[in-house]
Every structure is written in structure tokens, then in C-alpha cells.
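J.:
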Amino acid sequence: QESGGWTIIQATYSLHSIPPEERPGLLRRLRDLGQRLLIVEFDVPEFAAMYDPTRVRDILGRYQRGLAEYADDGGLVAQGFLMPVLFGYFDQTAARTTYEQPIAAWAEVVRAAGFATVDVRPIYDYWWATAWLVSGSS
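For the sequence shown, the working numbering assigns the number 21 to the initial residue and increments by one for each residue that follows.
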């Protein structure tokens, strides 16, 4: 549909897979296609370097919380999901597939895409980070 044909467009834990330089154009296109955009993403700190010791400590701390949350599952989540993803964060041979950012940056890119009203609110405190709803209206 064209010309704001959809009432709501939603993206849940998905836009962090879009490289930051591609987000402005994508969000402008979504603005043109819908009246309201709903994004749910995690609020994660921003670090200047991928292997900054502070970033490494931050990620390891969050993974410790995640492992504790799934301590009673016999290692299923830890071995089948958490540990492979953790090692992927630090594998210099792997292509990057996630570009998380602070929630304020999500709100700013939605605002810069031309949404007249942008609202943010926390929705759930996960072990990884707090999940937030970013709502943009035309």
C-alpha cells in the first residue's frame, strides 16, 4: 500500500539487525506507508569499540544474569542459545548481524525520519536489558 495506507506498522526485536546507516531510509519509507510505527527494542549502552573492556564486562555481566535465569533447564538454553550467541559477539571472523543501540538513539532516528510525535516507554525488564516501546506517529 502507498500513502500511509496502514494504520500501524510494528517491528519487534528486529530493527537492530539493520545496519545503522540503512535505518534512516527504511524509517522514512515506513513513515510514508503508515500512520503509526511501533518498535520494540532493548536499551543497551553504546560503546566506541567492539572490544572495549567495559563493553566486554557489560556483556559478560548480562550473560551471567541470563544463565542464572535459565539455571534449571538442564543447560538447554545455555548450550543451545546463550553460549553460541555470546561467543559470536567476540568472533572476529564472523560477519556482524546485530547493531543494538541505546533507546534514546532509536527515538532520535524515528524522529529524524519525520514522525511528528515520538514516545518511549519501558515494557519489560529482561535479563539482557530493559525492553522499550518506541512509538512514532505521523
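We treat Cβ as the ideally placed atom computed from N, Cα and C, and that holds for glycine.
Under 7 angstroms, do E89 and W147 count as touching if we go by C-beta distance?
T.: Yes; because the gap between Cβ atoms is below 7 angstroms, this pair is in contact.
J.: Name the two residues that bound the continuous alpha helix (DSSP H) containing V129.
T.: Run containing V129: 123-132, per the alpha helix (DSSP H) assignment.
J.: Taking its Cβ as the centre, do 16 or more other Cβ atoms sit within 10 Å of I59, making it buried, or is it exposed?
T.: Buried, by the Cβ-count rule.
J.: Using DSSP with H/G/I as helix, E/B as strand and the rest coil, what is P142?
T.: Note: P142 maps to strand in three-state DSSP.
J.: Just the Cα atoms here: how many angstroms apart are P44 and S158?
T.: Their backbone Cα atoms lie some 15 angstroms apart in a straight line.
J.: Out of L47, F107, D63, D93, state which residue places its alpha-carbon closest to the alpha-carbon of E120.
T.: Considering only alpha carbons, the answer is D63.
J.: Just to confirm before moving on: does the CB-CB distance between G134 and R51 stay below 7 angstroms?
T.: It is a contact, given that the beta carbons lie within the stated cut-off.
J.: For a minimum of 3 consecutive residues, which ranges assigned as the beta strand (DSSP E) are wholly contained in the region 49-106?
T.: Here the runs fully enclosed are 54-62.
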